[in-house]
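Numbering (our numbering), first residue to last: 2 to 347.
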Amino acid sequence: MALNMTHPSAVVAAVAAVMLFVICNFSLHKIEEGHYGIYYRGGALLKDTSTPGFHMMIPFITTYRSIQVTLQTDEVKNVPCGTSGGVMIYFDRIEVVNILNSNSVYDIVRNFTADYDKALIFNKVHHELNQFCSVHNLHEVYIDLFDQIDENLKTALQKDLNNMAPGLFIQAVRVTKPKIPEPIRKNYELMEGEKTKLLIAIQRQKVVEKDAETDRKKAVIEAQKNAEVAKIQYEQKIMEKESLKKMSLLEDDMAFSRQKTRAESEAYTKKQLAEGNKLLLTPEYLELKKLEAISMNSKIYFGSDIPKMFMDSSQMPTANKKLELSDKIEDEIIDKLSPKKELDLD
């Protein structure tokens with residue numbers, strides 16, 4: 002009888018344990034770091050949100066979704082785009098880096114569901130790209146304006162998000178090169194090849210021009226250096242000429258001084274000699290010399306035509322010319338002397 006009473010209680014306990022395990026399994030949940038938890042009850046969004054960690058909820062009635070609030074990247078793939086010329090191109094991949102503010106989780110999920118990025122990012126990227134392609138031709142989209150697509154797309158997305166979903170921010174947009182029809186792509190490759198050749202030719206021309214400019218500058222520098230050297234040499238020659246001129250003037254002054262000194266010395270000597278002669282050539286001295294001169298003659302001539310043999314010393318012009326006049330008189334006597342009478346003193 003005791004066995005019959007314990008068996009139903011054990012079964013009840015086992016059933017209760019299983020139900021408790023099931024309830025705990027479906028009510029206990031975990032929110033990862035960098036996410037916020039939102040809850041639905043009967044399909045209605047609850048205002049309560051949960052932070053990272055373990056949380057409990059009513060199983061089978063309440064469900065939850067984990068919403069990322071850290072930086073994430075959404076990839077939009079194979080976006081078709083028709084250009085203004087009618088060419089259909091495809092953007093293989095567009096990456097949109099965005100972040101959701103944790104304080105805006107409830108409002109954005111309520112307005113755009115937990116898959117808010119589909120409405121706010123994916124669909125918006127398709128719309129903005131088609132708007133851009135529709136007003137530009139293939140060359141502009143593929144070549145000229147391609148580097149502006151990512152920035153323009155980021156600006157357009159953020160502008161709409163500021164109005165529609167405040168709290169969702171676009172950090173960056175990366176756009177891959179679009180796929181274009183094969184024939185057009187080959188033409189672009191040929192065009193790029195020719196453009197590359199042109200750029201190479203232009204760069205080569207710039208190098209040649211740069212070399213020529215370098216040579217010209219070298220020539221100018223060399224010419225300036227030669228001109229400066231010539232100027233220095235010219236100035237040096239001028240300085241040498243001026244030095245020689247100064248030396249010549251100095252030598253001339255020295256020579257003039259020597260000549261002047263010599264002339265003054267000679268004048269002084271002659272003056273002293275004249276004064277000495279004046280003192281020496283007295284009448285008595287002249288008479289003595291006259292007699293000595295007569296006594297030295299071996300012959301004496303007499304005659305009526307013979308001029309006077311002797312002159313009075315008082316008739317001499319000056320004392321300086323006495324000897325000269327004596328010599329002239331003696332020569333005159335010899336020239337005019339006639340052989341009329343001859344006295345041999347021997």
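Heads up, the beta-carbon is just placed ideally off N, CA and C, and yes, glycines get one too.
The structure displayed is predicted, hence computed values, not measured ones.
Nearest-angstrom Cα distance between E33 and N112? 24 angstroms
Once you ignore the five residues that flank L292 on each side, which residues in its own chain have a CB closer than 7 angstroms to its CB? none
Where does D148 sit, in a helix, a strand or coil, going by DSSP? When secondary structure is reduced to three states using DSSP, D148 falls in the helix class.
With DSSP as the reference, identify every bridge partner of Y41, one or two as the case may be. L46 and T64
Count the other C-beta atoms from every protein chain shown that fall within 10 angstroms of the C-beta of N99, then say buried if there are 16 or more, exposed otherwise. In this structure N99 is buried. Its beta-carbon is surrounded by 16 or more other beta-carbon atoms within 10 angstroms.
Identify which residue in M297, A268, I39 and F61 has its Cα closest to the Cα of P53. I39
Continuous alpha helix (DSSP H) stretch holding Y269: start and end: E183 to L281
What first and last residue would you give for the alpha helix (DSSP H) that runs through K178? Per DSSP, K178 belongs to no alpha helix (DSSP H) and is neither H nor E.
Smallest Cα separation from L154: which of N163, M165, V126 and N164? For the residues N163, M165, V126 and N164, the minimum Cα distance to L154 belongs to V126.
Suppose contacts are defined by Cβ-Cβ distances below 8 angstroms. Is Y117 in contact with A166 by that definition? The beta carbons of Y117 and A166 sit closer together than 8 angstroms.
If you count every other CB in all the chains shown that lies within 10 Å of the CB of T197, and 16 or more means buried, which is it? exposed
Check whether R94 and K78 have beta carbons under 8 angstroms apart: yes
Quick one: what does DSSP say V97 is sitting in, helix, strand or coil? strand
Indicate the three-state DSSP secondary structure (helix, strand or coil) for S105 in the structure shown. helix
Reduced DSSP secondary structure (H/G/I, E/B, other) of D75: strand
Sort R205, A120 and L191 by Cα distance to L169 and report the nearest one. A120
Leaving out five residues before and five after K180 in sequence, what residues of the same chain have Cβ atoms less than 7 angstroms from its Cβ? Cβ neighbours of K180 beyond the five flanking positions: I90, Y91 and D93.
Can you tell me the Cα-Cα spacing of V16 and S10, whole angstroms? 10 angstroms
Which residues bound the alpha helix (DSSP H) around F123? Segment: none, F123 is in no alpha helix (DSSP H) and carries neither H nor E.
What is the rounded straight-line gap between the Cα of S258 and the Cα of I239? C-alpha separation (whole angstroms): 28 angstroms.
Can you check whether the C-beta of I203 is within less than 8 angstroms of a C-beta belonging to chain D? Annotation note: the requested chain D is absent from the structure, which comprises a single protein chain.
Mapping DSSP to helix, strand and coil, what is H137? coil
If you draw a straight line from the C-alpha of K218 to the C-alpha of N227, how long is it? 14 angstroms
Answer yes or no: do E129 and A157 have a C-beta to C-beta separation smaller than 8 angstroms? yes
Tell me the residue span of the beta strand (DSSP E) that contains M58. M58 -> no beta strand (DSSP E), and no H or E assigned at all.
Hey, I68 and H36 are a contact pair by Cβ (cut 8 angstroms); roughly how many whole angstroms apart? 6 angstroms
Expressed to the nearest angstrom, what Euclidean distance is found between the alpha-carbon atoms of I188 and D75? Correcting the residue identity first, residue 188 is Asn in this sequence and not Ile. In a straight line, the C-alpha of N188 is about 33 angstroms away from that of D75.
Secondary structure of A17, DSSP reduced to three states: helix
Grouping DSSP H, G and I as helix and E and B as strand, with all else coil, what is P81? strand
Tell me which same chain residues have a C-beta within less than 7 angstroms of the C-beta of D151, skipping the five on either side of it? V174, R175 and V176
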